[in-house]
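**Student:** Residue numbers (the numbering used here): 1 to 83.
A virtual CB, placed ideally from N, CA and C, is assigned to each residue, including glycine.
One structure coming up, written as structure tokens, with questions to follow.
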């Protein structure tokens, strides 16, 4: 993970935003007042969704059981253009 101090991050903010969006790699920003992580919006939404799924009791167990069933079809295996 790239690490940069807040002063340099401020000077190069637009490039840092572009970089984290293009690479999906978070950037750690350090300051004497505390550190922060810059992530792309799409990565943040994915993280947030994952945390939500894990917070719902029994949901992950249910998903794993469904995936193990003979009737489960992975979305990657669906021929979307023929539906």
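#1: So residue 13 is in the alpha helix (DSSP H); what residue range does that whole segment cover?
#2: Would you check if there are 3 or more beta carbon pairs closer than 8 angstroms linking the region 49 to 61 to the region 69 to 76?
#3: For residue 8 and residue 29, what's the separation of their Cα atoms in angstroms?
#4: Given this structure, state the Cα-to-Cα distance separating residue 38 from residue 32, to the nearest angstrom.
#5: Rounded to the nearest angstrom, what separates residue 18 and residue 26 at their Cα positions?
**Tutor:** In terms of the structure at hand:
#1: 13 to 23
#2: no
#3: 9 angstroms
#4: 17 angstroms
#5: 11 angstroms
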